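In what follows, a single structure is set out as structure tokens and then discussed.
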Amino acid sequence: MVFAERPRLAEGLRAYGLIVMMWLRSTMAYRASFAMTAFGNFAATAFDFVTILLMFSHVDALGGYTLPEVALLYGASGTAFGLADLLLGSMDRLGRRVRDGTLDTLLVRPVPVLAQVAADRFALRRVGRIVQGLLVLGYALVTLDIEWTLLKAAMIPVMLLSGTAIFAAVFVTGAAFQFLAQDAAEVQNSFTYGGNTLLQYPPTIFAKDLVRGVTFVVPLAFVNWLPALYVLGREYPVGLPDWVAFLPPVVAGLCLLPAGAAWRMGLRAYRSTGS
Amino acid sequence: MRLYAVVAAGGFRRYATYRTATAAGVFTNTVFGFILAYTYTALWDERPQLGGYDMSEALTYVWLGQALLTTCAMMGGGFEDELIERIRTGDVAVDLYRPIDLQLWWLAGDLGRAAFHLLGRGIVPLLVGALAFDLALPSEPLSWLAFLVSVTLGVVVSFAIRYLVALSAFWLLDGAGAAQMAWLAGMFFSGMLLPLTLFPGVLGEVARALPWSSLLQVPADVFLGKHTGWGLVEAYGFQAGWAVALLLVGRAVQSVATRRVVVQGG
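For the record, the sequence lines run as chains L and Z. For the first sequence, the residue numbers in our numbering are 256 to 530. For the second sequence, the residue numbers in our numbering are 446 to 711.
Next comes the structure, spelled out in structure tokens:
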């Protein structure tokens, strides 16, 4: 009963923190195993960038963008996605939990279900992906020839944090969808991993309708394309005013609202399989 | 023989029951197909004839990759998790008493799985790709048949690699690390990220000689008519050679491993 008196959000965050700490302690019981899996995570994502390097061994520019410019897009999206994946990546197991009935045990605990599902099996090895993204981002920032202003410099951390929030909204929405279609974790992958892959390349190489789709429908373009193009001083292919580049925090907030609503709807519609 | 046919049919039916998962997989393969197709278009716009492919051949390569991703289990998935679990729990001891060949048993099941994935997750993405892009599809029915033979050989090579990965659990107990390494090598060296003909110098030569090139690079080249006549026989020989070699290594490792089980007392 003590729990109910606290604000729901604070309670959720506290529970999330406690469960994460528990998994961290269990991870650190096998340090060598953790080091290996974190390295594996790093190497797995590094192959994406190796592919881009191989491409640039044949060409000087891809869609009019040089390697450091692509590296900026890649590093920003990779880091933001990695952070969201670290915080909420376990949520794609929700479909399995619904199928095998283990979700029921979470429902009877006096702790927000979202916090429990998100923190479940918290996988610290996913920092491998974040490190990889940050390294590529660092390479981009060192090699790019940009006239830095305060606004442009501030854009980098804002972009990473808003991007994380946008990807987080996608993770939560995807998990909510799994209440309906329990076997459809892969649909979520198309928006998370697929979105991340898409954003690692310049928008100029994609069809205009696709660019419009990820700008206005699923606003992934606000993760990195729009803010990064402002930093690089480039035009956005479907013609938007410059100030749109400053919207990512607003868009992130607007994405989290429907994601939360979808989650609550999914949870309410949930019927146990009884197994 | 009849027994293994039944096991293969079981493997097919087992995956056919996951209808939502199959639809979701088709959706994902199609989304990735589009993203990759656009990046390849940008690349081949700059450098036509890169790696010996023209634009429509390169785009065909993309969609073949999506069609074969689960068929040839390039990212793993399939029987190996189950076998690793049976080794870890010791249930594998029961399997060894059965009057069957353990390796052929799992191979039959995996062939059934691959057949389902080719039909269930292969055809639709390739069809969508062909509608959205100008693909280089063979007009000769015989070329399609030649492709199917190459894909089958690719599945056997993929199986043989994953069987070895699973057997490593006899020593490591937890097969997760080995499975991850195999998954990484499979993604990179099958040509899934970029055709192996684009890999520079020695890296390219090594990549094309490794068994993983049987999973996508060779079947795709057969599909695109890059291997004809004796070249086709050579391509098959390359795949079959790796398949036989890896299956034999699997047998040798298995007999060492089973002796170990006996020593442990089961």
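Yeah, the Cβ is synthetic: ideal placement off N, Cα and C, and Gly gets one too. All of these numbers come straight from a predicted model, not from anything done at the bench.
Nearest-angstrom Cα separation, counted from residue j out to residue i
i                  : j                  : result
Val-678 of chain Z : Leu-661 of chain Z : 17 angstroms
Tyr-394 of chain L : Leu-342 of chain L : 25 angstroms
Arg-364 of chain L : Asp-340 of chain L : 25 angstroms
Asp-355 of chain L : Glu-525 of chain Z : 21 angstroms
Gly-711 of chain Z : Val-537 of chain Z : At Gly-711 of chain Z, the pLDDT of 48 sits below 50, so the modelled position is not reliable; the number obtained from the coordinates is stated separately. Those two C-alpha atoms are separated by around 9 angstroms.
Tyr-449 of chain Z : Gly-557 of chain Z : 10 angstroms
Gln-437 of chain L : Leu-481 of chain L : 34 angstroms
Cys-510 of chain L : Phe-426 of chain L : 11 angstroms
Phe-633 of chain Z : Phe-302 of chain L : 7 angstroms
Tyr-525 of chain L : Thr-428 of chain L : 15 angstroms
Val-257 of chain L : Leu-268 of chain L : Unreliable placement is indicated for Val-257 of chain L, whose pLDDT of 46 sits below 50; no coordinate value is reported for it.
Ala-378 of chain L : Ser-345 of chain L : 8 angstroms
Leu-487 of chain L : Leu-639 of chain Z : 28 angstroms
Ala-688 of chain Z : Arg-696 of chain Z : 12 angstroms
Trp-628 of chain Z : Met-520 of chain Z : 5 angstroms
Asp-359 of chain L : Ala-517 of chain L : 19 angstroms
Ala-409 of chain L : Leu-415 of chain L : 11 angstroms
Tyr-456 of chain L : Asp-375 of chain L : 32 angstroms
Arg-519 of chain L : Phe-311 of chain L : 45 angstroms
Val-651 of chain Z : Gln-684 of chain Z : 15 angstroms
Leu-571 of chain Z : Leu-691 of chain Z : 30 angstroms
Asp-555 of chain Z : Met-446 of chain Z : 15 angstroms
Thr-357 of chain L : Ala-370 of chain L : 15 angstroms
Beta carbon of residue i nearer than 9 angstroms to that of residue j
i                  : j                  : result
Thr-515 of chain Z : His-562 of chain Z : yes
Ala-335 of chain L : Thr-419 of chain L : yes
Leu-392 of chain L : Ala-287 of chain L : no
Val-353 of chain L : Phe-422 of chain L : no
Thr-282 of chain L : Arg-380 of chain L : yes
Thr-452 of chain L : Pro-492 of chain L : no
Tyr-320 of chain L : Leu-309 of chain L : no
Val-594 of chain Z : Tyr-506 of chain Z : no
Gly-670 of chain Z : Ser-588 of chain Z : yes
Gly-388 of chain L : Ala-331 of chain L : yes
Leu-475 of chain L : Gly-508 of chain L : no
Leu-552 of chain Z : Phe-615 of chain Z : no
Val-698 of chain Z : Leu-618 of chain Z : no
Leu-484 of chain L : Ala-500 of chain L : yes
Thr-642 of chain Z : Gly-496 of chain Z : yes
Ser-501 of chain Z : Leu-576 of chain Z : no
Gly-565 of chain Z : Gly-478 of chain Z : no
Thr-484 of chain Z : Gly-574 of chain Z : no
Leu-390 of chain L : Val-372 of chain L : no
Gly-543 of chain L : Val-366 of chain L : Outside the displayed range of chain L (256 to 530) lies residue 543 of chain L, so it cannot be described from this structure.
Gly-521 of chain L : Phe-432 of chain L : yes
Phe-630 of chain Z : Leu-509 of chain Z : Note that residue 630 of chain Z is Ala in the sequence shown, not Phe. No. Outside cutoff.
Ala-386 of chain Z : Glu-324 of chain L : Any property of residue 386 of chain Z remains undetermined from this structure, which presents chain Z solely from 446 to 711.
Pro-504 of chain L : Val-413 of chain L : yes
Residue i, enclosing alpha helix (DSSP H) - first and last residue
i                  : result
Ile-203 of chain L : Residue coverage of chain L in this structure runs from 256 to 530, which leaves residue 203 of chain L outside it and unanswerable.
Phe-756 of chain Z : Outside the shown range of chain Z (446 to 711) lies residue 756 of chain Z, about which nothing can therefore be said.
Trp-518 of chain L : 503 to 524
Phe-578 of chain Z : No alpha helix (DSSP H) holds Phe-578 of chain Z; DSSP gives it neither H nor E.
Ser-603 of chain Z : 586 to 612
Glu-441 of chain L : 440 to 454
Lys-671 of chain Z : Premise fails: Lys-671 of chain Z is in no alpha helix (DSSP H) and is neither H nor E.
Trp-480 of chain L : 480 to 487
Gly-455 of chain Z : 447 to 461
Asp-464 of chain L : 463 to 467
Inter-residue CB distance, residue i and residue j (contact presumed, cutoff 8 angstroms)
i                  : j                  : result
Arg-459 of chain Z : Gly-523 of chain Z : The Cβ separation is near 11 angstroms, so there is no contact.
Ser-658 of chain Z : Gly-686 of chain Z : That belief does not hold up - the Cβ atoms of Ser-658 of chain Z and Gly-686 of chain Z are roughly 12 angstroms apart, past 8 angstroms.
Leu-513 of chain Z : Gly-567 of chain Z : 7 angstroms
Cys-517 of chain Z : Val-600 of chain Z : 6 angstroms
Val-368 of chain L : Phe-297 of chain L : Contact doesn't hold; Cβ gap of about 32 angstroms is too wide.
Ala-430 of chain L : Leu-349 of chain L : 5 angstroms
Ser-417 of chain L : Phe-477 of chain L : 7 angstroms
Gly-620 of chain Z : Ala-611 of chain Z : 6 angstroms
Phe-668 of chain Z : Pro-583 of chain Z : 7 angstroms
Val-602 of chain Z : Pro-656 of chain Z : 5 angstroms
What residue ranges within the stretch 502 to 547 of chain Z form continuous alpha helix (DSSP H) runs of no fewer than 4 residues, ordered along the chain?
525 to 534, 537 to 542
Could you tell me which whole alpha helix (DSSP H) segments of length 4 or greater appear in the stretch 260 to 330 of chain L?
263 to 283, 286 to 311
Going residue by residue through the stretch 351 to 383 of chain L, where are the continuous alpha helix (DSSP H) segments of at least 4 residues, counting only ones entirely within it?
358 to 362, 368 to 374
At 4 residues or longer, and completely inside the stretch 613 to 647 of chain Z: list those alpha helix (DSSP H) runs for me, N to C.
614 to 617, 621 to 634
Below 8 angstroms between beta carbons is the criterion; list the residues of the stretch 623 to 638 of chain Z that meet it against any residue of chain B, in chain order.
Looking for chain B here will not work: the only protein chains present are L and Z.
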